[in-house]
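K.L.:
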Amino acid sequence: MAGYELHVISNGKQNWKAMAAISSKIQLYVTAIHIREKTMRAEEIRQGLKILLEAGVSPGSIYINGHPGIATAAKVGGTHLPGSSPPLTDVEEFLQGDMRAGVSVHSAEEALVREQEGADYLMFGHVFATGSKHGLPPRGLEQLREVTAKAAIPVIAIGGITTKRVRSVLEAGASGVAVMSGIWEAQDPLLAVRAYADELKGWR
Numbered sequence: 161m162a163g164y165e166l167h168v169i170s171n172g173k174q175n176w177k178a179m180a181a182i183s184s185k186i187q188l189y190v191t192a193i194h195i196r197e198k199t200m201r202a203e204e205i206r207q208g209l210k211i212l213l214e215a216g217v218s219p220g221s222i223y224i225n226g227h228p229g230i231a232t233a234a235k236v237g238g239t240h241l242p243g244s245s246p247p248l249t250d251v252e253e254f255l256q257g258d259m260r261a262g263v264s265v266h267s268a269e270e271a272l273v274r275e276q277e278g279a280d281y282l283m284f285g286h287v288f289a290t291g292s293k294h295g296l297p298p299r300g301l302e303q304l305r306e307v308t309a310k311a312a313i314p315v316i317a318i319g320g321i322t323t324k325r326v327r328s329v330l331e332a333g334a335s336g337v338a339v340m341s342g343i344w345e346a347q348d349p350l351l352a353v354r355a356y357a358d359e360l361k362g363w364r
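Numbering (the numbering used here), first residue to last: 161 to 364.
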C-alpha cells in the first residue's frame, strides 16, 4: 500500500480463525496486520501465524509484535517491539534480513534514540483517549508534532484514531495510523478498513 500507512493491530478479543478470516479480507487495504497478543506464549503465536498463512494472508502483510525471533524465522513483513525493549542494537533478530522493524515511543527523545538504533519506523501514542488505555491521559497532537518534527523515519499515530481524526494526525506530521478496535470490533471490518484507507488516500 503506497502513501500513508495503515496498521491494524490485534486486540486479543478474536480467536485465530476469526482473525484469519478478517485478515484475508482486509490485507489488500493495509500496510500491516500486527499480531500483538501479549498474554500468549511463543508456541501459541506460531500456531496462530500458521492459521493466518493457511487462510491466505500474505506473509508480507504480517508484523509480529514482541517476538522478533518468530518474525525472523517465519520471514514475515515485519516485527514490532515495545518501548520497554532493550537497545535495538542488542536484539540480534532485529538486525537480521530485510524484515521491517519498528518500536513504540512516547516522546521525541525516545524517538531520536530508537531511530539512531536502527528502527525503520516508530509508533507514537496514545494520541487520543482510548478504552485500551483506561485511566491514562492521552499524549495529544502537540506531542505527536514534537515527535514527527524530530524523527526522520515514519511515525505512525496510535490511540483513539477514528476516521474523523485521521486528518488531524496527518496534519501533525504522522506518516499513517494504527487501529485496533475500530477494525476488529466493527460490524463490517472490511468496510471499516476501506473507510480508513479512503481517508488516508484522500489527504495530501
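Where a beta carbon is used, it is the ideal one built from N, C-alpha and C, also for glycine.
Note down the Cα distance separating ALA312 from GLU345, rounded to an integer number of angstroms.
P.N.:
In the sequence shown, residue 312 corresponds to position 152, counting from 1. In the sequence shown, residue 345 corresponds to position 185, counting from 1. Rounded to the nearest angstrom, the two C-alpha atoms are 33 Å apart.
K.L.:
Distance check for VAL190 and MET161, CA to CA, integer angstroms please.
P.N.:
As a position in the sequence shown, residue 161 is number 1, starting the count at 1. As a position in the sequence shown, residue 190 is number 30, starting the count at 1. Reliability of the predicted coordinates at MET161 is poor, the pLDDT of 43 falling under 50, and the value obtained from them is presented with this limitation in mind. MET161 and VAL190: Cα-Cα distance of roughly 6 Å.
K.L.:
Is ARG196 near GLY226, with beta carbons less than 9 Å apart?
P.N.:
As a first step, residue 196 is located in the sequence shown; it is residue number 36 there, counting from the start. As a first step, residue 226 is located in the sequence shown; it is residue number 66 there, counting from the start. It is a contact, given that the beta carbons lie within the stated cut-off.
K.L.:
For a test of the three-state rule: what should DSSP assign to MET259, helix, strand or coil?
P.N.:
Reading the sequence shown from its first residue, position 99 is the one you call residue 259. If DSSP states are grouped into helix, strand and coil, MET259 belongs with coil.
K.L.:
Using only alpha-carbon positions, find the residue among THR249, VAL353, GLU302 and GLN347 that is nearest to GLU331.
P.N.:
Residue mapping note: residue 331 aligns to position 171 of the sequence shown, counting from 1. Minimum Cα distance to GLU331 is reached at GLU302.
K.L.:
In angstroms, rounded to a whole number, what distance separates the CA positions of ALA352 and SER244?
P.N.:
One-based indexing of the sequence shown puts residue 352 at position 192. One-based indexing of the sequence shown puts residue 244 at position 84. Approximately 31 Å, taken between the alpha carbons.
K.L.:
Determine, using beta carbons only, whether GLY333 and LEU304 come nearer to each other than 9 Å.
P.N.:
Indexing the sequence shown from 1 puts residue 333 at position 173. Indexing the sequence shown from 1 puts residue 304 at position 144. Yes. Within cutoff.
K.L.:
Starting from the C-beta of LEU350, find all residues in its chain whose C-beta is less than 7 Å away, skip the five residues before and the five after it, and write them out in chain order.
P.N.:
Taking the sequence shown and counting its residues from 1, one reaches residue 350 at position 190. Excluding positions up to five away in sequence, the list reads LYS185 and ILE186.
K.L.:
Quick one: grab the DSSP three-state call for VAL273.
P.N.:
Position 113 of the sequence shown, counted from the first residue, corresponds to residue 273. In this structure, VAL273 counts as helix in the three-state DSSP scheme.
K.L.:
Does SER218 come out as helix, strand or coil in the three-state DSSP assignment?
P.N.:
Indexing the sequence shown from 1 puts residue 218 at position 58. Note: SER218 maps to coil in three-state DSSP.
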